[in-house]
Amino acid sequence: MTRLGFRALKVLPAAVLCALAVGCAQTPHTAHSSEKARPVPTGSLDTLGTTSEAATTTPAPVTTTAPPQSAPAQPAFTEGDARYTVRRYLARWIGQPLQSDDTEGRYPLVCAGSTLANNPGRLTGTTAFDADRMTARTGDAGAAVTVPVTNSSAVTTVLTFTLHAAAQGYCIVDIAS
19 MTRLGFRALK VLPAAVLCAL AVGCAQTPHT AHSSEKARPV PTGSLDTLGT TSEAATTTPA
79 PVTTTAPPQS APAQPAFTEG DARYTVRRYL ARWIGQPLQS DDTEGRYPLV CAGSTLANNP
139 GRLTGTTAFD ADRMTARTGD AGAAVTVPVT NSSAVTTVLT FTLHAAAQGY CIVDIAS
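Numbering-wise (this note's numbering), the sequence shown opens with residue 19 and increments by one.
Here it is, written out as structure tokens:
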């Protein structure tokens, strides 16, 4: 066989593997409906690059004949998700959002009807926070995140943010010192 023939034999298996295993030959019109991209809800943790399993995966279809198990009402978000929510909120507050389009109007972080929603100026005068010393603990319905926050008088206070687990991620209910 000529050198060209050997090259064709080397390239052909790679192309077949790509088409079969990866689905290179599939077009959006031939993809199964469960494989098509779903829109991400506004305010979702997915929209800002969170990597939590709970926030980025969808359950696989059940293929057994066993009776279906009841699913938890809320997804299981991690302590990292809780810290990220508070970090986003504080970064917005001091005028340094993690992403330029990350605003409360576009991606709400405050729970509707919460104590914080009714008193949004709780952090007035805040100029900095220490994300490296932020701690979180999660529970059945939410989380608590503590973080040192510095005000315009250079006084640092440790604040505790109370979070509630919602369908699209954590939302902030209240802030206490």
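All residues carry an ideal CB built from backbone N, CA and C; glycine is no exception. Bear in mind the structure is a predicted one, so any value in this text is a computation, not a measurement.
Inter-residue CB distance, residue i and residue j (contact presumed, cutoff 8 Å)
i: Leu-181; j: Thr-133; result: Contact flag wrong, Cβ pair sits at about 12 Å.
i: Trp-111; j: Thr-144; result: 6 Å
Delimiting residues of the alpha helix (DSSP H) encompassing residue i
i: Asn-136; result: 133-136
Alpha-carbon to alpha-carbon, residue j and residue i
i: Arg-151; j: Glu-122; result: 24 Å
i: Ala-39; j: Gly-160; result: Any answer about Ala-39 is weak, because its pLDDT of 42 lies below 50 and its placement is not dependable; what the coordinates show is given next. Between Ala-39 and Gly-160, the C-alpha separation is close to 40 Å.
i: Ala-94; j: Ala-172; result: 37 Å
i: Val-191; j: Ala-135; result: 8 Å
i: Glu-97; j: Val-128; result: 18 Å
i: Thr-142; j: Gly-113; result: 12 Å
i: Gln-117; j: Arg-124; result: 12 Å
i: Gly-187; j: Ala-149; result: 19 Å
i: Pro-126; j: Gly-157; result: 22 Å
i: Ala-162; j: Gly-139; result: 20 Å
i: Asn-137; j: Ala-183; result: 20 Å
Sub-9 Å separation of residue i and residue j beta-carbons
i: Ala-199; j: Val-167; result: Residue coverage of the chain in this structure runs from 19 to 195, which leaves residue 199 outside it and unanswerable.
i: Asn-196; j: Thr-178; result: Residue 196 lies beyond the stretch modelled for the chain, which goes from 19 to 195, so this question has no answer here.
i: Asp-120; j: Arg-106; result: yes
i: Ala-109; j: Cys-189; result: no
i: Ala-100; j: Ala-154; result: yes
Where the beta strand (DSSP E) through residue i begins and ends
i: Asn-191; result: The sequence shown places Val at residue 191, not Asn. Looking at the DSSP string, the run of the beta strand (DSSP E) that includes Val-191 is 187-194.
i: Thr-180; result: 174-184
Complete alpha helix (DSSP H) runs within the segment 104-162 (minimum length 4 residues, chain order)
133-136
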